[in-house]
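Numbering (the numbering used here), first residue to last: 1002 to 1151.
What follows is a single structure, written as structure tokens, with notes after it.
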């Protein structure tokens, strides 16, 4: 599901109804990427087993480059994330891979369809900034399995 800024405009159909589908609980249709969370007590009552995702803090920042990494392919966004990244880069090292990479060698650093786990694990932080405001993409949730600060 793309945001309105990225999905184009369509003609209003006959007998149109106006429902909102977003990640917000105030929407008519709640559409979330990621997972649905239950309280530990409720999960236990439903027969789910508890899984401990303990992170070994001593390994968290071991052998990592400093700064933030991000894969970005849309360089002109409605959210103006590129402006935020430019401003932040005055204070911390930022490495951008993908079509918006500043260094040409980083443009193909993680080919489409590849997971690139080793690349991501080199940095303690990862950018998950979307094209549009109020939009969280499934890529954010798919990356939560790694030891990063998002």
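We put the CB at the ideal spot given by N, CA and C, even for glycine.
Values in this document were obtained by computation on a predicted structure and should not be read as measured data.
Does the separation of the CB atoms of residue 1132 and residue 1075 fall below 8 Å?
Sequence index remark: in the chain shown, residue 1132 carries index 131 (1-based). Sequence index remark: in the chain shown, residue 1075 carries index 74 (1-based). Their beta carbons are under 8 Å apart, which means residue 1132 touches residue 1075 by this criterion.
Do residue 1070 and residue 1121 have their CB atoms nearer than 8 Å?
Position 69 of the chain shown holds residue 1070. Position 120 of the chain shown holds residue 1121. Contact annotation: residue 1070 and residue 1121 have beta-carbon atoms nearer than 8 Å.
Enumerated in chain order, which unbroken segments of the beta strand (DSSP E) with a length of 3 residues or greater are wholly contained in the segment 1014–1099?
1069–1072, 1095–1098
What residue does the alpha helix (DSSP H) around residue 1121 start on, and which one ends it?
The sequence position of residue 1121 within the chain shown is 120, counting from 1. Note, residue 1121: alpha helix (DSSP H), 1118–1121.
Pick from 1110, 1103, 1098: whose alpha carbon is nearest that of residue 1129?
For the purposes of this step, residue 1129 is taken as the residue at position 128 of the chain shown. The candidate whose alpha carbon is nearest that of residue 1129 is 1098.
Using the Cβ count rule (16 or more neighbours within 10 Å means buried), how would you classify residue 1046?
Here the question's residue 1046 lines up with position 45 in the chain shown. The residue in question, residue 1046, is exposed, as its Cβ has fewer than 16 Cβ neighbours within 10 Å.
Residues near residue 1082 in its chain [Cβ-Cβ closer than 6 Å; skip 5 each side]
Working through the chain shown from its first residue, we reach residue 1082 at position 81. If we look at residue 1082 and ignore the five residues flanking it on each side, its Cβ neighbours are 1130.
What's the C-alpha gap between residue 1119 and residue 1049?
As a first step, residue 1119 is located in the chain shown; it is residue number 118 there, counting from the start. As a first step, residue 1049 is located in the chain shown; it is residue number 48 there, counting from the start. The alpha-carbon atoms of residue 1119 and residue 1049 are separated by roughly 32 Å.
In or out: residue 1015 buried (at least 16 other Cβ within 10 Å) or exposed?
Looking up residue 1015 in the chain shown gives position 14. Exposed, by the Cβ-count rule.
Can you name, in chain order, every residue of its own chain whose Cβ lies under 6 Å from the Cβ of residue 1066, other than the five neighbours on each side?
The residue given as residue 1066 occupies position 65 in the chain shown. The residues are 1123, 1124.
By a C-beta neighbour count over all protein chains shown, 10 Å radius and 16 as the cutoff for buried, is residue 1096 buried or exposed?
Translated into positions along the chain shown, residue 1096 becomes position 95. By the 10 Å Cβ count, residue 1096 comes out buried.
Can you have a look at residue 1102 and say buried or exposed, based on whether 16 or more other CB atoms are within 10 angstroms of its CB?
Your numbering for residue 1102 matches position 101 in the chain shown. A buried status is given to residue 1102, since no fewer than 16 other beta-carbon atoms sit within 10 Å of its beta-carbon.
Exposed or buried, which one is residue 1021 when buried takes at least 16 other CB atoms within 10 Å?
Position 20 of the chain shown, counted from the first residue, corresponds to residue 1021. Residue 1021 is exposed by the Cβ-count criterion.
Please name the residue, chosen from 1088, 1087, 1072, that lies closest to residue 1114 on a Cα-to-Cα basis.
The residue given as residue 1114 occupies position 113 in the chain shown. Nearest of 1088, 1087, 1072 to residue 1114, Cα basis: 1072.
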